[in-house]
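Okay, so the sequence shown: first residue is 1335 according to our numbering, each after it adds one. No residue lacks a Cβ here, since even glycine has one placed at the ideal position from N, Cα and C. Please read these numbers as outputs of a predicted model, since none were measured by experiment.
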Amino acid sequence: MSEVAPSDRTSYRKRWPTARGAAAHTLRAAACTLFALIARVPAAHAGQCTIARSPDIPVTMTRTGPMVHAQLNGKDALLLADSGAFFSLIVPSAVKEYQLHPEHHIENLYIEGIGGREHAQVVQARTFQLIGKTWENVDFVVGGEKLGGMGAVGVLGQNVFRIADVEYDLANGVIRLIWPQGQCKDQPLAYWAGAAQKPYSVLEIEAGTVIEPHTRSVAYLNGHKIRVLFDTGAGSSVLTLDAAKRAGITPTSAGVNPAGDSWGIGRRETQTWIARFASFKIGDEEIQHAQLRFGDIELHDADMLIGADFFLSHRIYVASGQKRLYFTYNGGPVFDLAAKRAPAESADASASASADARAGAGPEAAARAPAPPDERARLDLPTDAAGYARRAAASAARHDFDAAVADLTHACELAPTEASYFYQRGVVYLQKKQPDPALADFDQAIRLKPDDAEALLARASLRLGRHEPAAAVTADLDAADRALPRDADSRLMLGNIYLDVGQPGAAVAQYSKWIDSHPHDEHSMAMALNSRCRVRALEGQELEQALLDCNAALKLKPGTAQFLDSRGLVYLRQSNYDKAIADYDAALKLRPKAAWSLYGRGLAKSRKGLNAEGQADIAAATAVEPTIAERARKFGVAP
């Protein structure tokens, strides 16, 4: 997802190793301590290869983001497990919250991602706790305010994942650090494959260094060699425009569809597309007719990010000592998790990822994998409610909702007083379009934990969609408002629902709380400013403040159609019809069938005396959205 680099490679090599010395020392010590905590294994005999595993690092998928719970200076912290990050990172707004102190003075230090560069610094946590163990004086780079809206305050990067070999078993909700013991140099290390009688693939990877610790290898796209970087911090795998072009695909090619914007570290948002490629081959696995995402992204020395979608569909072991990567296909779609497929319709993403596609990697090869410390480790089945819930989150991220419900039902049975499992199952029921059991689960979650803000918001939204009495919806919103921290990202959603239930004043208050507490979050700030601008414009109140908000949003993201539409409404309310028409014109160039923009321009033209043109726009708006006039009239926006 990101890498750390000062302004030039020379200063990078000179200054960064000095700056990270304390962190490197701390993490080396942490590795030794962690290794000592691993269950004892028999001493390896000559020629025998065994492995020792760290305690599981629990991972909960938030959409396609692998989240890890840790503690910084004794306070709970949610971190994104990001194998694409050069170093562990903390967002600027969390530095004060977690009482982190500047550790090094470094000039020209940046973090760099697909959105560009940001200035950075280094801070130190007095204590860092993970899997129940504590280490002292651990460094973090500061930067990258927004982490995909997943609630994370930072990332765990390669300075953690290079302590040892690392296994990413995201489908089962864990990451493990692994130490091969004995004569393992030429032995296959996919230890799980032999027990499950599953084939596995082997991929040669580049040697990592202190300067370049990432996991890189090669793949083949339509027969063309490309360089790939394995990045759990990227929710979806994505190709560069150049790599797609070399494979014969551009944004204007037939069958290419827009796939929205993408962002990471840096301010720039990049457009992406989805296209079908004839083949994608990585190791022994070849995917025919694969749907892949590509975008206008810049990657350092790579053509593609292999993201969390690939990690969810595979069990992956990065054997740094051997310079190999082992992986086993879990089933289901490999890429493009947003695309829904019937069980028999996954040929584009998985048919060629079957055992038949893995030449030379049959069960006989898997049987040579070394034995783990005990038989239970072979199966890696959940043993408690938390394990079932983590596996359910991974299944939901892959759109396997039936499996998610089954696992969450086990979790609810094993821990019937834990509200979060009922809430989580309710969310999955909504994804399955089953509102009745979803509502029942939200009710139970709130009975168990009356101040569960997430469950209250989910129930309010569901009740609103079911046209239940506004008083019931508002009661849930008010309870969520009391329960949420002032800076919670959920306040943006809370504001939206308040507006939908007819309380614009409460909506503005929620947007204001979020805006005041997120001065560095430019990705979401523009949307929040636009939301506050639009509510005031719809109400026809505080129009000067509304105009300031819309201008600020457009300064952050110039040429955004919905922001231009909102400012056009402000100008319409102010009777500044020429400026309103100009903004609506600009918005409609970007979104020609936007009903609100057509309707607003029609009103502005009519009020200027251009009745025929105005009526034509209003008619066009009504053709797109038949209820537009009725909706606008509720806010007093009418001819």
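In the three-state reduction of the DSSP assignment, Arg1610 falls in the strand class. Judged by DSSP secondary structure, Cys1383 falls within the beta strand (DSSP E) whose first and last residues are 1383 to 1387. Close CB contacts of Ala1459 within its chain, under the 6 Å cut and outside five residues either way in sequence, are with Leu1406, Asn1407, Leu1434, Val1472 (chain order).
Val1487 has its alpha-carbon roughly 6 Å from the corresponding atom of Ile1424. Under the three-state reduction of DSSP, Ile1539 is assigned to coil, being neither helix nor strand. When DSSP states are grouped into helix, strand and coil, Asn1591 belongs to the strand group. Fewer than three pairs of CB atoms, one per stretch, sit closer than 8 Å, so the region 1624 to 1633 makes no contact with the region 1651 to 1664. Look at the beta carbons and you see the region 1647 to 1657 not touching the region 1577 to 1589: under three pairs across the two are nearer than 8 Å.
In this structure, Arg1870 lies away from Val1835, with their beta-carbon atoms at least 8 Å apart. Counted as a single uninterrupted DSSP element, the beta strand (DSSP E) harbouring Tyr1502 occupies residues 1499 to 1503. Between Ala1726 and Asp1736 a beta carbon distance of about 11 Å is seen, past the 8 Å cut, so the two are scored as non-contacting.
Under the DSSP assignment, Gln1949 falls in the alpha helix (DSSP H) whose first and last residues are 1945 to 1958. Ranked by Cα distance from Val1562, the options Arg1510, Ala1498, His1634, Val1762 are led by His1634. Distance from the CA of Asp1520 to the CA of Arg1387, rounded to the nearest whole angstrom, comes to 19 Å. The three-state secondary structure of Glu1619, taken from DSSP, is strand. In the structure shown, Pro1436 adopts extended strand secondary structure according to DSSP, grouped into three states. The continuous beta strand (DSSP E) containing Ala1404 extends over residues 1399 to 1406. Assignment of beta-bridge partners to Lys1467 by DSSP yields Leu1464. Note that the region 1462 to 1470 does not touch the region 1614 to 1621; fewer than 3 beta-carbon pairs, one per stretch, sit closer than 8 Å.
Look at Tyr1660 here: in three-state DSSP terms it is strand. With respect to the 8 Å criterion, Ala1774 and Ala1789 are not classified as neighbours on the basis of their beta carbons. Around the beta-carbon of Lys1968, fewer than 16 other beta-carbon atoms lie within 10 Å, marking it exposed. Taking C-beta atoms as the reference points, Ser1570 and Gly1491 fail to come closer than 8 Å.
Note on Asn1591: under 16 other CB atoms within 10 angstroms of its CB, so exposed under the neighbour-count rule. In this structure, Asp1810 places its C-beta atom within 8 Å of the C-beta atom of Ala1794. The residue among Arg1925, Lys1891, Asn1864 with its C-alpha nearest the C-alpha of Val1904 is Asn1864. Separation of His1403 and Leu1922 (C-alpha to C-alpha, rounded to the nearest whole angstrom) is 45 Å.
In the structure shown, Leu1715 falls within a coil segment according to DSSP collapsed to helix, strand and coil. Pairing Leu1932 with Asn1885, the inter-Cα distance amounts to about 21 Å.
Non-local C-beta neighbours of Ala1541 in its own chain, meaning closer than 7 Å and more than five positions away in sequence, comprise Lys1657, ordered along the chain.
Within the model, the alpha-carbon separation for Gln1875 versus Asn1830 is close to 18 Å. Selection Leu1659, Asp1503, His1857 evaluated against Ile1391 yields Asp1503 as nearest (Cα-Cα).
Counting only residues of its own chain and dropping the five nearest sequence neighbours on each side, Glu1538 has a CB closer than 7 Å to the CB of Ser1551, Lys1657, Arg1658. By the beta-carbon neighbour count (other beta carbons within 10 angstroms, threshold 16), His1801 is exposed.
Counting only residues of its own chain and dropping the five nearest sequence neighbours on each side, Leu1782 has a CB closer than 8 Å to the CB of Thr1751, Glu1752, Ala1753, Phe1756. In the three-state scheme derived from DSSP, where H, G and I count as helix and E and B as strand, Pro1838 is classed as helix.
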